[in-house]
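Below: one structure, written as structure tokens.
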Amino acid sequence: MPELPEVEVTRQSFAPAISGALIQDVKVGKPLRWPLGCAASVLVGQRVLAVRRRGKYLLLDLDGGVLLIHLGMSGSLRFTEQVAPMGAHDHFELVTNRGSLRLHDPRRFGAVVFSHTDDSGMAAKLLGKLGVEPLSDQFDPVRFALDLKKRRTAIKQVLLGGDLVVGVGNIYACEALYRAGIRPTARADRIGRLRAGRLHLAIREVLARAVQQGGSTLRDFSSANGESGHFQLEAAVYGRAGQACRVCATPIASLRQGQRSSFFCPKCQRN
DNA sequence: CTATGGACCTGAATGC
DNA sequence: TGCATTCAGGTCCATA
């Protein structure tokens, strides 16, 4: 579930509370996507200095390195002062003097990886090819339009790729394309400046709005304090196949692209 | 180098 | 009720 808004909402929900905390213990469940990259005992005794986000990764700055956390498809974090035994789908926990940060991830597509710096070891590999942050000034409409000209694939695939812009997953790609009036199947290199500019704005607006709304809770996402998101209630197309477009009442259509569902309004998104 | 498809894993919903 | 199939918020990797 977690796309940029959910990851950012999660970050905001525990960053202030955990910053400065001393790691006292580390608990591990079943294996995640990648091994931790160090002995769990290496983390004990380190302090959490800050929590950053890069794309869909959370980066916990520690005294001696950085801990990358990715939520995969079904992951969520919880930061609480309560002590509870690890459940069947709890696969990682940092016990600190301020509370425990626990990763719950049934499908285990998520990951927790330790590296000494952002650009060394596994972190370098995972973060190295990421595109620009969509909510930063680095995301420039002119540059975006030029970059799209180099891609012959469907625009939806380009957005999901994450090597141009990060953070846009299946929900927000569909929503941004709807707002921009562009079909998910449109070839990226056929999108001109004007429409690229619209898409650029749509991406920023949708993501910012979703962060405001606490993200989307489709199944069981919640922030680290257990709060659900509300953006799914105002989604225009995602998950709405067959329902009326909120603007023109045309039934929302769906199709398959790269083994993922795309949703769009055939009338509002003409090409 | 670019584009596509499979792989990873579990649970919920659907269909016969 | 039971069992098989399909689908789900991501993204790495092998293959054309």
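Following numbering that gives the first Met the number 0 from start to finish, the first sequence increments by one per residue and tops out at 270.
The beta-carbon is built from N, C-alpha and C at its ideal position, and this holds for glycine as well.
Owing to the predicted nature of the structure, the values given are computational and were not obtained by experimental measurement.
A distance below 7 Å separates the beta carbons of H90 and G28. Beta-bridge annotation (DSSP): K124 is not paired with any residue.
Per DSSP, G196 is one residue of the alpha helix (DSSP H) stretching across 192-211. Contact check for L48 against G166 fails: the beta carbons are separated by 7 Å or more. Looking at the DSSP output, K26 bridges to E92.
Annotated three-state conformation of D162 is coil, per DSSP. Going by beta carbons, R46 and D24 fall outside the 7 Å limit. Counting other Cβ atoms within 10 Å of its Cβ, T249 stays below 16 and is therefore classed as exposed.
Minimum Cα-Cα distance from A20 among the listed residues F78, A240, V205, I68 corresponds to F78. Just so you know, the alpha carbons of V43 and L217 end up roughly 35 Å apart.
Taking the Cα positions, A207 is about 10 Å away from E7. In the DSSP assignment, A179 falls within the unbroken alpha helix (DSSP H) covering 169-179. For F113 against G64, the beta-carbon gap comes to about 6 Å, under 8 Å, which counts as contact. The DSSP-derived three-state label of Q256 is strand. Judged by their CB atoms, A223 and S73 are not nearer to each other than the 7 Å cut-off. In the structure shown, P15 adopts helical secondary structure according to DSSP, grouped into three states. Residue environment analysis places C244 among the buried positions, since at least 16 neighbouring C-beta atoms fall within 10 angstroms of its C-beta. The C-alpha of T9 lies about 11 Å from the C-alpha of L100.
Assignment of L57 by DSSP, reduced to helix, strand and coil, places it in the strand class. Taken through DSSP and simplified to helix, strand or coil, R182 comes out as coil. Out of E80, R106, G71, R97, the CA that lies nearest to the CA of A87 is found in R106.
Non-local C-beta neighbours of D146 in its own chain, meaning closer than 7 Å and more than five positions away in sequence, comprise L163, ordered along the chain.
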